[in-house]
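Novice:
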Amino acid sequence: MGNKKIGDSSFYLRVLHSPFHIPHSTLLPFPIPHSPFIAVLALILLCAPISAQTVQRPNFIIFIADDLGGDDCGAYGNPHVRTPNIDRLAATGMRFDSAFLTCSSCSPSRASILTGRFPHNTGAEQLHWPVPAEQLFFVEPLHDSGYWTASAGKWHLGPQAKSKFDKVAEGRGQWLPTLRARPADRPFFLWLASTDPHRPYKPGAIDPPHAPSDVVVPPYLPDAPETRADLALYYDAIGRLDRDMGEVLTELDRQGIADETCILFISDNGRPFPRCKTTVYDSGIKTPWIVRWPGRVAAGSKCRSLVSSVDIAPTILELASVTRPGTLQGMSIAPLLVDPQATVQLYIFAEHNWHDYTAYDRAVRSSRYKYIRNGYTDLTMSPPADAVKGQTFQAMRSLRDAGGLNAAQSTCFTKPRAVEELYDLQADPHELVNLAGRSDLAQTQRELSQALDAWQRETRDRMPEVRTPDGYDRETGEPLPGGLKPRPSTPEFRAERLP
Numbered sequence: 422m423g424n425k426k427i428g429d430s431s432f433y434l435r436v437l438h439s440p441f442h443i444p445h446s447t448l449l450p451f452p453i454p455h456s457p458f459i460a461v462l463a464l465i466l467l468c469a470p471i472s473a474q475t476v477q478r479p480n481f482i483i484f485i486a487d488d489l490g491g492d493d494c495g496a497y498g499n500p501h502v503r504t505p506n507i508d509r510l511a512a513t514g515m516r517f518d519s520a521f522l523t524c525s526s527c528s529p530s531r532a533s534i535l536t537g538r539f540p541h542n543t544g545a546e547q548l549h550w551p552v553p554a555e556q557l558f559f560v561e562p563l564h565d566s567g568y569w570t571a572s573a574g575k576w577h578l579g580p581q582a583k584s585k586f587d588k589v590a591e592g593r594g595q596w597l598p599t600l601r602a603r604p605a606d607r608p609f610f611l612w613l614a615s616t617d618p619h620r621p622y623k624p625g626a627i628d629p630p631h632a633p634s635d636v637v638v639p640p641y642l643p644d645a646p647e648t649r650a651d652l653a654l655y656y657d658a659i660g661r662l663d664r665d666m667g668e669v670l671t672e673l674d675r676q677g678i679a680d681e682t683c684i685l686f687i688s689d690n691g692r693p694f695p696r697c698k699t700t701v702y703d704s705g706i707k708t709p710w711i712v713r714w715p716g717r718v719a720a721g722s723k724c725r726s727l728v729s730s731v732d733i734a735p736t737i738l739e740l741a742s743v744t745r746p747g748t749l750q751g752m753s754i755a756p757l758l759v760d761p762q763a764t765v766q767l768y769i770f771a772e773h774n775w776h777d778y779t780a781y782d783r784a785v786r787s788s789r790y791k792y793i794r795n796g797y798t799d800l801t802m803s804p805p806a807d808a809v810k811g812q813t814f815q816a817m818r819s820l821r822d823a824g825g826l827n828a829a830q831s832t833c834f835t836k837p838r839a840v841e842e843l844y845d846l847q848a849d850p851h852e853l854v855n856l857a858g859r860s861d862l863a864q865t866q867r868e869l870s871q872a873l874d875a876w877q878r879e880t881r882d883r884m885p886e887v888r889t890p891d892g893y894d895r896e897t898g899e900p901l902p903g904g905l906k907p908r909p910s911t912p913e914f915r916a917e918r919l920p
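Going by the working numbering, the sequence shown opens with residue 422, and the numbers climb by one from there.
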């Protein structure tokens, strides 16, 4: 937090000033004993920066799922999806219960995490836009400080970004070979990106499969046979993700480096179902977030403080004792790893831009309330094209035509949409009742609206001059004639579309 200027509005809005200063190097390289003398000595050491030369720096692994909903694993309360390895990770680490992404769209979310910047500041805010070469990934200062860096699995960041890692191994089955290829004499950072549980789904992902009768159907989806069958296949893909993660955890134990490795498990966006992925509702932006670091992070601990995926970059750099570059827009949440009851920010911010369909939505969330501002209210809130093709959405079309959907289940077809939305997340966790405009919440709405305004000014967020046209039919998910494929880079797109 020391690199934030107190005059910056984003700093003022996001940081809750504590009565004491937390030094830059927050985590000790050893547990603090209970002896009073040793405890005092430990506190003295805590107040001094820990140099990379005097302390063995941790290895880092980020597991990033592809379209996993925030509550869709056993560790987060789903009683039926089978995720023993994710559950074990949570049991031996810290589970964050209020963790959010800056957007619910695959490549923009990943670009935001790796640059430590909000999507509209990365030059890659629309789906499939490659990250411009001038954007700094936080793995670059890690590399410069001596880390070996590698990405394995899904690559969704464009060709220019590959040079930012020492090694990029694309495709399924690359996690273990990449871990085994690490240099033994250097700390490492691994970005392990799964393709699960992304669509399309096929039977046979795991054996035995999940039963449609066991799935949890959220209230904004119809409890129809097609929905249950679709969710069961989604659960199977989550099970395959869990199996792949377990193989890496076993390999860490085999190599004897589990205790030296800080692991973070997250997703890039919400489940690929209607009213989830590509929305700024919690079903789209809430992510599982588990940190395991034996001896440093208390096993079985839980944190309810707000954290954002834009905070990952500064946090890892701080834990690695690497100087924070000025490009980062997030803040380190390292204090929460020591004290999960602490608060480092009052709000998180999220956005939604083009993802198969034109869009411009913004949101700010506190610990209790969510405020959403919709830019293109004349358009429906269509899910991604692959979800439109899925059996859930197609069943919803039939039910809509037959008058079989309730109001919550009809939101994907509704237009015009409200300009503003406000939700009490304690009373209404699924965000079904829009409270915007209620006189008893006028102050809350005003405060959140002002916070969103300040964030947009601070980050120079403006509505695009022209709309990117839809690439797919909103009812069938089929490509439209003249769709932009392959997606151009940001400068190419703007040159084509602006007069």
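Note that the Cβ used here is the ideal one computed from N, Cα and C, for glycine as well. This structure is a prediction, so every number in the text was calculated from the model and none was measured.
Please state if the CB of Leu563 and the CB of Thr570 are separated by a distance shorter than 8 Å.
Specialist: For the purposes of this step, residue 570 is taken as the residue at position 149 of the sequence shown. For the purposes of this step, residue 563 is taken as the residue at position 142 of the sequence shown. Closer than 8 Å, so yes.
Novice: Taking all protein chains shown into account, decide if Asn774 is buried (16 or more other Cβ within 10 angstroms of its Cβ) or exposed.
Specialist: The count along the sequence shown starts at 1 and reaches residue 774 at position 353. Buried: at least 16 other Cβ atoms inside 10 Å.
Novice: Could you tell me if Pro709 is buried or exposed, where buried requires 16 or more neighbouring beta carbons within 10 angstroms of its beta carbon?
Specialist: Taking the sequence shown and counting its residues from 1, the one referred to as residue 709 is at position 288. The residue is buried, with at least 16 neighbouring Cβ atoms inside 10 Å.
Novice: So what does DSSP say about Ser615, is it helix, strand or coil?
Specialist: Locating residue 615 in the sequence shown gives position 194, counting from the first residue. Correct three-state label for Ser615: coil.
Novice: Looking at the unbroken beta strand (DSSP E) that takes in Ser722, where does it start and where does it end?
Specialist: The sequence position of residue 722 within the sequence shown is 301, counting from 1. Residues Ser722 to Cys724.
Novice: Do you know how far the Cα of Trp576 is from the Cα of Asp782?
Specialist: The residue you call residue 782 lines up with position 361 of the sequence shown. The residue you call residue 576 lines up with position 155 of the sequence shown. Rounded to the nearest angstrom, the two C-alpha atoms are 26 Å apart.
Novice: For Ala720, count the other beta carbons within 10 Å of its own beta carbon; 16 or more makes it buried, fewer makes it exposed. Which is it?
Specialist: Here the question's residue 720 lines up with position 299 in the sequence shown. Exposed, because fewer than 16 other Cβ atoms sit within 10 Å of the Cβ of Ala720.
Novice: Taking only the alpha-carbon atoms, compute the straight-line gap between Ile427 and Pro746 and give it to the nearest angstrom.
Specialist: Along the sequence shown, one-based indexing puts residue 427 at 6. Along the sequence shown, one-based indexing puts residue 746 at 325. The predicted position of Ile427 is uncertain, since its pLDDT is 26 and thus under 50; no value can be drawn from it.
Novice: Please name the residue in Tyr656, Pro630 and Pro621 whose C-alpha comes closest to that of Ile638.
Specialist: Residue numbering aside, residue 638 sits at position 217 when the sequence shown is read from its first letter. According to the sequence provided, residue 638 is Val. The question's Ile does not apply to it. Ranking the options by Cα distance to Val638, first place goes to Tyr656.
Novice: Suppose contacts are defined by Cβ-Cβ distances below 8 Å. Is Trp612 in contact with Ile483 by that definition?
Specialist: Taking the first residue of the sequence shown as position 1, residue 612 is located at position 191. Taking the first residue of the sequence shown as position 1, residue 483 is located at position 62. Yes, these two residues count as a Cβ contact at 8 Å.
Novice: Whole angstroms is fine: what's the gap from Glu896's alpha carbon to Ala808's?
Specialist: One-based indexing of the sequence shown puts residue 896 at position 475. One-based indexing of the sequence shown puts residue 808 at position 387. Between Glu896 and Ala808, the C-alpha separation is close to 11 Å.
Novice: Hey, out of Phe481, Pro580, Thr536 and Ser530, whose CA is closest to Glu561's CA?
Specialist: Position 140 of the sequence shown, counted from the start, is the residue given in the question as residue 561. With distances taken between Cα atoms, Glu561 lies closest to Thr536.
Novice: Roughly how many angstroms separate the alpha carbons of Ala786 and Phe517, rounded to a whole number?
Specialist: Start at 1 with the first residue of the sequence shown, and residue 786 comes out as number 365. Start at 1 with the first residue of the sequence shown, and residue 517 comes out as number 96. Here the sequence assigns Arg to residue 786, which means Ala is not the residue at that position. Between Arg786 and Phe517, the C-alpha separation is close to 16 Å.
Novice: Measure how close the beta-carbons of Leu685 and Ile733 come, nearest whole angstrom, since I'm counting them as under 8 Å.
Specialist: One-based indexing of the sequence shown puts residue 685 at position 264. One-based indexing of the sequence shown puts residue 733 at position 312. The Cβ separation is near 7 Å, so the contact holds.
Novice: In terms of residue numbering, what span does the beta strand (DSSP E) encompassing Thr543 cover?
Specialist: For this step, residue 543 is matched to residue 122 along the sequence shown. Run containing Thr543: none; DSSP gives neither H nor E here.
Novice: Give me the Cα-Cα distance between Val840 and Asp799, rounded to the nearest whole angstrom.
Specialist: Working through the sequence shown from its first residue, we reach residue 840 at position 419. Working through the sequence shown from its first residue, we reach residue 799 at position 378. Computed Cα separation, rounded: 10 Å.
Novice: Could you tell me whether the Cβ atoms of His776 and Pro756 are closer together than 8 Å?
Specialist: Within the sequence shown, residue 776 is the residue found at index 355, counting from 1. Within the sequence shown, residue 756 is the residue found at index 335, counting from 1. Not closer than 8 Å, so no.
Novice: Go to Trp569, then tell me how far its alpha helix (DSSP H) extends in each direction, as first and last residue.
Specialist: As a working note, residue 569 is residue 148 in the sequence shown. Premise fails: Trp569 lies in the beta strand (DSSP E), Trp569 to Gly574, not in any alpha helix (DSSP H).
Novice: Can you tell me which of Phe539, Arg867, Ala829 and Gly514 puts its alpha carbon nearest to the alpha carbon of Ala496?
Specialist: Here residue 496 is taken as the residue at index 75 of the sequence shown, counted from 1. It is Gly514.
Novice: State whether the region 656-670 contacts the region 827-844, with contact taken as three or more CB pairs (one from each stretch) at a distance under 8 Å.
Specialist: No contact exists between the region 656-670 and the region 827-844.
Novice: Less than 8 Å between the C-beta atoms of Asn690 and Ser803, yes or no?
Specialist: Taking the sequence shown and counting its residues from 1, one reaches residue 690 at position 269. Taking the sequence shown and counting its residues from 1, one reaches residue 803 at position 382. Result no, Cβ atoms of Asn690 and Ser803 do not sit closer than 8 Å.
Novice: Cβ of Cys527 within 8 Å of Cβ of Pro695?
Specialist: Within the sequence shown, the letter at position 106 stands for residue 527. Within the sequence shown, the letter at position 274 stands for residue 695. Result no, Cβ atoms of Cys527 and Pro695 do not sit closer than 8 Å.
Novice: If you drop the 5 nearest sequence neighbours on each side, which residues of the same chain put their C-beta closer than 7 Å to that of Leu740?
Specialist: Taking the sequence shown and counting its residues from 1, the one referred to as residue 740 is at position 319. These residues qualify, in order along the chain: Leu448, Pro479, Cys683 and Ala755.
Novice: Below 8 Å between beta carbons: does that hold for Ala771 and Thr523?
Specialist: Here residue 771 corresponds to residue number 350 of the sequence shown, with the count starting at 1. Here residue 523 corresponds to residue number 102 of the sequence shown, with the count starting at 1. Closer than 8 Å, so yes.
Novice: Under the rule that 16 or more other beta-carbon atoms within 10 Å means buried, what is Glu555, buried or exposed?
Specialist: Position 134 of the sequence shown, counted from the start, is the residue given in the question as residue 555. Exposed: under 16 other Cβ atoms inside 10 Å.
Novice: Express the C-alpha separation of Ile769 and Ala473 in angstroms, rounding to a whole number.
Specialist: Locating residue 473 in the sequence shown gives position 52, where the first residue counts as 1. Locating residue 769 in the sequence shown gives position 348, where the first residue counts as 1. In this prediction, Ala473 has a pLDDT of 39, which is less than 50 and means its spatial position is unreliable; what the coordinates show is noted afterwards. Taking the straight line from one Cα to the other gives about 31 Å.
Novice: Buried or exposed: Ala582, going by 16 or more other Cβ atoms within 10 Å of its Cβ?
Specialist: In the sequence shown, residue 582 corresponds to position 161, counting from 1. Label assigned to Ala582: buried.
Novice: Using the C-alpha atoms, what's the distance from Leu673 back to Thr801?
Specialist: Position 380 of the sequence shown, counted from the first residue, corresponds to residue 801. Position 252 of the sequence shown, counted from the first residue, corresponds to residue 673. Roughly 46 Å between the two C-alpha positions.
Novice: Can Leu843 and Gln864 be called in contact, C-beta distance under 8 Å?
Specialist: Indexing the sequence shown from 1 puts residue 843 at position 422. Indexing the sequence shown from 1 puts residue 864 at position 443. The answer is no: Cβ separation not under 8 Å.
Novice: Please name the residue in Ile711, Ala679, Leu557 and Leu489 whose C-alpha comes closest to that of His619.
Specialist: Stepping through the sequence shown from its first residue, residue 619 is reached at position 198. The option with the nearest alpha carbon to His619 is Leu489.
Novice: Measure the CB-CB distance between Leu853 and Arg794 and report whether it falls below 8 Å.
Specialist: The residue you call residue 853 lines up with position 432 of the sequence shown. The residue you call residue 794 lines up with position 373 of the sequence shown. It is not a contact, given that the beta carbons lie outside the stated cut-off.
Novice: Give every residue of the same chain whose Cβ lies closer than 6 Å to the Cβ of Ser572, excluding the five residues on either side of it in the sequence, and list them in chain order.
Specialist: Position 151 of the sequence shown holds residue 572. Cβ within range, chain order: Phe586, Val589 and Trp612.
Novice: Determine the DSSP secondary structure at Ala784, reduced to helix, strand or coil.
Specialist: Position 363 of the sequence shown, counted from the first residue, corresponds to residue 784. In this structure, Ala784 counts as strand in the three-state DSSP scheme.
Novice: At the level of alpha carbons, what is the spacing between Ser831 and Tyr702?
Specialist: As a working note, residue 831 is residue 410 in the sequence shown. As a working note, residue 702 is residue 281 in the sequence shown. Each residue's Cα considered, the two are about 15 Å apart.
Novice: Measuring alpha carbon to alpha carbon, tell me which residue in Lys723, Pro643, Gly574 and Pro598 is nearest Ala512.
Specialist: Translated into the one-based positions of the sequence shown, residue 512 becomes position 91. It is Lys723.
Novice: Between the alpha carbons of Arg881 and Met752, how many angstroms are there, rounded?
Specialist: Here residue 881 refers to the residue found at position 460 of the sequence shown. Here residue 752 refers to the residue found at position 331 of the sequence shown. Straight-line Cα distance between these residues: approximately 18 Å.
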